[in-house]
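Colleague: In the numbering used here, the protein residues as written are 21 to 179. The structure under discussion is supplied below as structure tokens; questions concerning it will follow.
Quick look at the structure:
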């Protein structure tokens, strides 16, 4: 594997961990709640299957139409995050096909933590993917992703 391949793997891991830490912080700050460890399992599967596919498709589409810039990539990743919030509601909350969540679901009490989770994941992944093209911000990205990793370990250890 090349050095950039390892970095992409770190971007994938740190993107997920950032989302998880932000989700936990949102639950704690807004609702004074914590969640069981099963959250890691089903969101990790969803992240590794559908979310990364949406991010990859976003990059490919932007490159095909010649609009591949940092901000256009970030905007598409965030749009994919809104779609992922609805997918989360459909899969996790069990709304089923007959009762899809309302359009305002991401801004409800149940949907807001999911929105924070997936948008923070999108922002981290977008920045990480862009760091490969612009390595001047790589030290800052690595520092923040390591801090997130430490927060994740602390959160898991406290439970």
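Ideal Cβ positions, reconstructed from N, Cα and C, are used throughout, including at glycine.
Check whether the stretch 31-39 and the stretch 119-130 touch, using three or more Cβ-Cβ pairs below 8 Å as the test.
Modeller: no
Colleague: Would you call the CB atoms of residue 136 and residue 46 closer than 7 Å?
Modeller: yes
Colleague: Contact check, residue 142 vs residue 100 under 8 Å by CB: the rounded distance?
Modeller: 7 Å
Colleague: Which first and last residues belong to the alpha helix (DSSP H) in which residue 49 is found?
Modeller: Careful: residue 49 lies outside any alpha helix (DSSP H) and carries neither H nor E.
Colleague: Tell me whether residue 128 sits in a helix, a strand or coil according to DSSP, three-state version.
Modeller: coil
Colleague: Is residue 45 near the ligand MN, judged by its Cβ being under 6 Å from some heavy atom?
Modeller: Inclusion of the ligand MN in the displayed structure is not the case, the ligand content being empty and no account of it being possible.
Colleague: What residue from 147, 84, 70, 93 has the CA that sits closest to residue 103's CA?
Modeller: 70
Colleague: What separation, rounded to the nearest whole angstrom, lies between the Cα atoms of residue 73 and residue 158?
Modeller: 24 Å
Colleague: Does DSSP put residue 162 in a helix, a strand or coil?
Modeller: helix
Colleague: Can you find the residues in the same chain that come closer than 6 Å, C-beta to C-beta, to residue 151, ignoring five residues on each side of it along the sequence?
Modeller: A distance below 6 Å between beta-carbons, with the five flanking residues on each side excluded, links residue 151 to the following residues of its chain, in chain order: 157, 158, 161.
Colleague: Which residues in the same chain as residue 24 place their Cβ atom closer than 8 Å to its Cβ, once the five residues preceding and following it in sequence are excluded?
Modeller: 152
Colleague: List the endpoints of the continuous alpha helix (DSSP H) containing residue 243.
Modeller: For the chain, the structure presents residues 21 to 179; residue 243 sits outside this window and is missing.
Colleague: Identify which residue in 43, 125, 62 has its Cα closest to the Cα of residue 53.
Modeller: Among 43, 125, 62, the Cα nearest to that of residue 53 belongs to 43.
Colleague: Just to confirm, are residue 105 and residue 134 a CB contact at a threshold of 7 Å?
Modeller: yes
Colleague: Output the distance between the C-alpha atoms of residue 125 and residue 94, rounded to the nearest integer angstrom.
Modeller: 22 Å
Colleague: If you compare alpha carbons, which of 63, 140, 79, 41 is closest to residue 176?
Modeller: 41
Colleague: Assuming residue 62 and residue 112 form a contact by the criterion Cβ under 8 Å, report the distance between their Cβ atoms to the nearest whole angstrom.
Modeller: 6 Å
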